[in-house]
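First up is the structure itself, then whatever we jot down about it.
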Amino acid sequence: QVTLKESGPGMLQPSKTLSLTCSFSGFSLSTSGMVVSWIRQPSGKSLEWLAAIDWDGDKYYNPSLKSRLTVSKDTSNTQVFLKITSVDIADTATYYCARSLSTTAFDYWGQGVMVTVSS
Amino acid sequence: DIQMTQSPASLSASLGETVTIECLASEDIYSNLAWYQQKPGKSPQLLIYDASSLQDGVPSRFSGSESGTQYSLEINSLQSEDAATYFCQQHHDYPPTFGAGTKLELK
Numbered sequence: 028q029v030t031l032k033e034s035g036p037g038m039l040q041p042s043k044t045l046s047l048t049c050s051f052s053g054f055s056l057s058t059s060g061m062v063v064s065w066i067r068q069p070s071g072k073s074l075e076w077l078a079a080i081d082w083d084g085d086k087y088y089n090p091s092l093k094s095r096l097t098v099s100k101d102t103s104n105t106q107v108f109l110k111i112t113s114v115d116i117a118d119t120a121t122y123y124c125a126r127s128l129s130t131t132a133f134d135y136w137g138q139g140v141m142v143t144v145s146s
Numbered sequence: 019d020i021q022m023t024q025s026p027a028s029l030s031a032s033l034g035e036t037v038t039i040e041c042l043a044s045e046d047i048y049s050n051l052a053w054y055q056q057k058p059g060k061s062p063q064l065l066i067y068d069a070s071s072l073q074d075g076v077p078s079r080f081s082g083s084e085s086g087t088q089y090s091l092e093i094n095s096l097q098s099e100d101a102a103t104y105f106c107q108q109h110h111d112y113p114p115t116f117g118a119g120t121k122l123e124l125k
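These protein sequence lines are chains E and S, in that order. Here the numbering used here is used: the first residue of the first sequence is 28, the next is one more, and so on. Here the numbering used here is used: the first residue of the second sequence is 19, the next is one more, and so on.
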């Protein structure tokens, strides 16, 4: 059974660094072609893909946010991390991690973690 | 980035009716198009991938089709549980991009 679960601070102040963790089970990120992505959704709005890391450790970033994003994974291939620097109110959203195989669709999603940026 | 223009933004239909949601890609995405259903407070669920392939466990009343760079999601025999927001997404190239969403309400 594939499951993903996001965790994060809930709330943080503008200009701080947001750190998110995606913990997953039921698949291995070391499997050829496997990819874990981060996607966010402001309340009432559409989805925005942020970053991904694949089975080989290759990293992919949304060009519009690339300078602020860092995606990584742990050595056991059971967790993926995302850091977003210099957050502001516009980064307030629900953040999801999701699985895909190479450039296929996202077949499994986490439940999401809501992050609020506020002073 | 590939732009996905989704329409309509919202629609209202009755139980048992058929509805169609469309997405227009800004360039050829070679059938690499997915459809998701999202209910309030829940994460998106994959319905269709590769434009017309039904994800395991998804009812057959959902179907996808394409014509050039125009992609469609059709829902037949609407059920009450189909009330949700639907998103298209191109999975042809990085960065993956989503449509703005279509909110489907049942009358």
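Ideal placement from N, C-alpha and C gives every residue a C-beta, glycine not left out.
Asked, Found
"Mind listing the chain E neighbours of residue 50(S)? Cutoff is C-beta to C-beta under 9 angstroms, in chain order.", "130, 131, 132"
"Nearest-angstrom Cα distance between residue 100(S) and residue 31(S)?", "10 angstroms"
"Determine the chain S residues that contact residue 56(E) at a beta-carbon separation under 9 angstroms, and present them in chain order.", "What residue 56(E) touches in chain S: nothing, since even the nearest Cβ is about 18 angstroms away."
"Which one of 82(E), 123(E), 143(E), 103(E) has the shortest CA to CA distance from residue 116(E)?", "143(E)"
"Determine which residues share a DSSP beta bridge with residue 82(S) and list them.", "91(S)"
"CA-CA distance, residue 94(S) and residue 35(E)?", "39 angstroms"
"In its own chain, which residues sit with a C-beta less than 6 angstroms from the C-beta of residue 109(S), not counting the 5 before and 5 after it?", "50, 52"
"Compare the beta carbon distance of residue 28(E) and residue 139(E) with 9 angstroms and say whether it is the shorter of the two.", "no"
"What is the DSSP secondary structure of residue 99(S), counted as helix, strand or coil?", "helix"
"When the Cα atoms are used, what is the spatial distance from residue 104(E) to residue 65(E)?", "16 angstroms"
"With contact counted as at least three CB pairs below 8 angstroms, one residue from each stretch, are the segment 55–74 of chain S and the segment 84–98 of chain E in contact?", "no"
"So, with DSSP's three-state summary, where would you put residue 57(S)?", "coil"
"Helix, strand or coil, according to DSSP, for residue 57(E) in the structure here?", "coil"
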